[in-house]
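These protein sequences, in sequence, are chains A and B.
In terms of my numbering, the first sequence opens at residue 1 and continues consecutively.
In terms of my numbering, the second sequence opens at residue 1 and continues consecutively.
Note that CB positions come from ideal geometry on N, CA and C, so glycine has one too.
This one's a predicted model, so the numbers in the text were calculated from it and none came from an experiment.
Taking it in order: structure first as structure tokens, then the write-up.
2 protein chains.
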Amino acid sequence: MGLDETFGSTALLTDHYELTMLASALADGSAARDCVFEVFARRLPDGRRYGVVAGTNRVLDAIADFRFTDAEIDQLAATAVVDDATLKWLAGYRFSGDIDGYAEGELYFPGSPVLTIRGSFAETVVLETLVLSILNYDSAVASAAARMSAAAHGRPIIEMGGRRTHEYAAVAAARAAYLAGFATTSNLEAGRRYGIPTRGTVAHAFMLLHDTEEDAFRAQVAKMGADTTLLVDTYDITKGIETAVAVAGTELGAIRIDSGDVGVLARKAREQLDALGARDTRIMVSGDLDEHAIAALRAEPVDAYGVGTSVVTGSGAPTAGMVYKLVEVAGRPVAKRSENKASRGGQKAALRRHKPTGTALEEVVYPAAQPPQLGEHDRLLHIPLVRGGQPVDGLPTLDDGRALLRRGLVSLPWEGLKLSHGEPAIPTIFR
Amino acid sequence: MGLDETFGSTALLTDHYELTMLASALADGSAARDCVFEVFARRLPDGRRYGVVAGTNRVLDAIADFRFTDAEIDQLAATAVVDDATLKWLAGYRFSGDIDGYAEGELYFPGSPVLTIRGSFAETVVLETLVLSILNYDSAVASAAARMSAAAHGRPIIEMGGRRTHEYAAVAAARAAYLAGFATTSNLEAGRRYGIPTRGTVAHAFMLLHDTEEDAFRAQVAKMGADTTLLVDTYDITKGIETAVAVAGTELGAIRIDSGDVGVLARKAREQLDALGARDTRIMVSGDLDEHAIAALRAEPVDAYGVGTSVVTGSGAPTAGMVYKLVEVAGRPVAKRSENKASRGGQKAALRRHKPTGTALEEVVYPAAQPPQLGEHDRLLHIPLVRGGQPVDGLPTLDDGRALLRRGLVSLPWEGLKLSHGEPAIPTIFR
């Protein structure tokens, strides 16, 4: 199976230094100390007003698959990464600690304690890279996708960017975009793995394969019915639409326009379709769309958007920049002393305060052992995710995350949904 | 195995529309037509002067694993993506065509025909997303990494950005960075899968785990020897260096500085280390470095760089933007007619012309059937990769790619290596 023979375990999706730290800490006994690591973003990407947590459930799956089987142990031994005592410890590795965190689809702001992992130093230090990889990528995509969903104002968006990012990142991107309100994806593996509805019709290659545009439309309609989406911009769009309706009839499901000034073209296409009697034929547009382009099309007769590159690359912010920091050792707060990075020791939790109207006011981050009075319009943000190494029952689903995010976006002050650069929508208050 | 049970086949790393096109083309018989698809980038990322091809060998592995087993067929049947006739065809899928392309590590420019895939429409159309995902991500990383390697001017760079991108993208990124001249990676899976040397020592968490900095240094040196890298910026750097040399002696291998103004700090550290007699102790710096930061440190006493976020996200260009276009059907050139996208029909090949000194002059892209006269200083850029569905013997290795890229960078006109925004280093001439 070439490429994929090693995918059974996630244990080597890990930075070398995690195991060398482990080796030294096992040798001097400090590996057994109770530790608390926290995941948070020091800041949002430049000018963003909120972030969206995504990947949490993928993290839990990946931790369950974090096992040093013979294959991993042999590799580490052959490359002398660590000594035999450490290898022996790794061979028995099972995460046995506790995890709390923000649910998928929850908004986050600078300093929000998105994930809290508790356990011995040994069992928690080795999860750093795996946890961060997943949360940083998935949250980057979901944060961008939420802006697009908001800009689309209820019109459906199909995610079709898999070809613009790593082949497995593509699957996670489809999931994160769906979490953030996209309607469907083009990615079949995301359909299999996460039950996300998939969609697709044809590319320009299908048009060019045939001798004429009419031949191509006939072949597609014969196979897929009139309620399909015909791609009308391979040659001349006006002629394409004429042919499309001639072939499929006025019951034609949709046309797709993938190039040119799609706003102008959509308006002309609507007029032409209406004149031809195809009043219910929808118009889908695609081609280098991002949240700004979507917003600019709000007044145009567009029924659906296809979004690719911009969503899978986080629309200018391809990583969420979250970090995994040791904040407590044996019950004692710890923090690096640094000139330019805010670090706060001690295990924390968070709540969000709201006005009686439901509008969010502030993110309050406080020492976990000293919770403030919970007001009527406050909401605790941590949920239990893992206890004693086992995922808790009834974890929120992907659909729960979609609903949570919808509520979260509605709760933001109105300027929090602006696409322009600005400050975080609500301040983070550290208690 | 939760997350990874489905990784055996790459067949669903595919856009839905590839299979619906296939279904329609099988129904009307056009699926059997001989086709040529080409992969190319219409342009380089904004201001870039060259691109670096990466991922080709990963593409060949992924095509070998592109099989519709019962698991994939069942999924497609359950979600009604295509009809039974198409499923039956997919169950027997084996790519049986030919592939030529640029070797990994080859430079590319706008319009360079990076990969050419020939076969029936049916067998070639379904590979679009998989091929593009791999080439677009890997080439984006390699293109950024090559700029960093050039800026580092022979000083080693360790890739340590896995935590800032999808967990499997991280593995591909380590490979692409190594192809582009990085010395090592922190990613253990990249070590296993591609034999890339891995490195790492400790994070700040290890320092904070211990009661004092001295305790942490002692634990590390006891386990890993004096020739290790001590992280000296957890508290006070000057004090940290003093303690480091006191603990490890003047044979201390290296110190790492991960925060602050690393140029100034490196100079002060060098003076301090020399004064303490640790003249051979190296200085490694890390912390949000990109090619510009590396270039700015050229005059400073830095011995090695650690690079993370910027390399795995393509340093501002997270995708190479390559496309997969049908250019020939049954021996006849085809091309979409489009106002704003240059499309050229017909199968193409390419050569690079050089001055007698070896400096590259231009990229010549020509109809494959009409090769121009090959001059003494010209080099053909396509190599055979697959014949009759089978990878050819003796494909270039990752180390071959490293050597090819080194030669390629040396061959560029001097302004082609500038980091500032500019035009492609050489023009592409279409014959």
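Listed along chain B, no residue sits closer than 8 Å to A:Asp399 by beta-carbon distance, the nearest being about 17 Å off. For chain B, the residues of the segment 305-329 of chain A that bring a beta carbon within less than 7 Å of one of its beta carbons are Thr309, Thr313, Pro318, Thr319, Leu326 and Val329, in chain order. Apart from sequence neighbours up to five positions away, no residue of its chain approaches A:His166 with a beta-carbon distance below 6 Å. Less than 8 Å separates the beta-carbon of A:Pro424 from that of A:Arg49. In the DSSP annotation of this structure, the continuous segment of the alpha helix (DSSP H) that includes B:Val171 starts and ends at Ala169 to Leu179. Residue-level contact by beta carbon fails for B:Ala349 and chain A, as no gap is shorter than 8 Å. Here A:His153 has Arg298 as same chain residues with Cβ atoms under 7 Å from its own Cβ, once five neighbours each way along the sequence are excluded. Residues are counted here when their Cβ sits less than 7 Å from a Cβ of chain B; for the segment 203-222 of chain A these are Ala203, His204, Ala205, Phe206, Leu208, Leu209, His210, Ala219, Gln220 and Ala222, given in chain order.
Taking the CA atoms as reference points, A:Ser186 sits about 10 Å from A:Arg163. Within chain A, no C-beta atom comes nearer than 9 Å to that of B:Lys88; the closest sits roughly 15 Å away. Note: B:Val323 is bridge-paired with B:Phe40 in the DSSP secondary-structure output.
For the pair A:Thr20 and B:Gly200, the CB atoms are nearer than the 8 Å cut-off. Inter-segment contact for the segment 133-142 of chain A and the segment 376-392 of chain A is absent: fewer than three beta-carbon pairs are separated by less than 8 Å. B:Leu115 has a beta carbon lying at 8 Å or more from every beta carbon in chain A. In this chain, the beta strand (DSSP E) harbouring B:Thr116 covers Leu115 to Ser120.
In the DSSP assignment, B:Gly401 falls outside any beta strand (DSSP E) and within the unbroken alpha helix (DSSP H) covering Leu398 to Ser411. Residues of chain A with a Cβ closer than 8 Å to the Cβ of B:Gly162 are, in chain order, Leu13, Asp15, Thr129 and Ser133. Proximity of the segment 311-329 of chain A to the segment 340-358 of chain A meets the contact definition, three or more beta-carbon pairs being nearer than 8 Å.
What B:Glu189 touches in chain A, judged by beta-carbon distance under 8 Å, is Thr6, Leu12, Leu13 and Thr14, going in chain order. For A:Ser186, the residues of chain B that pass the 7 Å Cβ criterion are Asp15, His16 and Tyr17, in the order they occur in the chain. In the structure shown, A:Asp288 falls within a coil segment according to DSSP collapsed to helix, strand and coil. Taking C-beta atoms as the reference points, B:Thr281 and B:Leu289 fail to come closer than 8 Å. When C-beta atoms of the segment 177-192 of chain A are compared with those of the segment 227-235 of chain A, fewer than three pairs fall below 8 Å, so the two segments do not count as touching.
At a cut-off of 8 Å, the C-beta of A:Lys355 has no neighbouring C-beta in chain B.
The Cβ-Cβ distance between A:Gly161 and A:Thr309 falls below 8 Å.
Only those residues of the segment 358-375 of chain A whose C-beta falls short of 8 Å from the nearest C-beta of chain B would be listed, and there are none. Taking C-beta atoms as the reference points, A:Gly105 and A:Leu405 count as a pair closer than 8 Å. A residue is called buried once 16 or more other Cβ atoms fall within 10 Å of its Cβ, and B:Phe430, having fewer, is exposed. Along the segment 411-427 of chain A, there is no position whose C-beta sits under 7 Å from a C-beta of chain B. Residues Asp233 and Gly287 of the same chain have their beta carbon placed closer than 7 Å to that of A:Ser259, with the five preceding and five following residues left out of the count. Linking A:Arg192 to A:His292 through their CA atoms gives a straight-line distance of about 31 Å. Residue contact with chain A for B:Gly47: absent (no Cβ-Cβ distance below 8 Å to any residue of chain A).
If only complete runs of 4 or more residues are kept, the segment 10-76 of chain B shows the alpha helix (DSSP H) at 16-28 and 56-64, in order along the chain.
Interface with chain A (8 Å Cβ-Cβ cutoff): B:Thr243 is excluded. Close to A:Phe121, with beta-carbon spacing below 9 Å, are these residues of chain B in chain order: Ala205, Phe206 and Leu209.
Close to A:Tyr235, with beta-carbon spacing below 7 Å, are these residues of chain B in chain order: Arg337.
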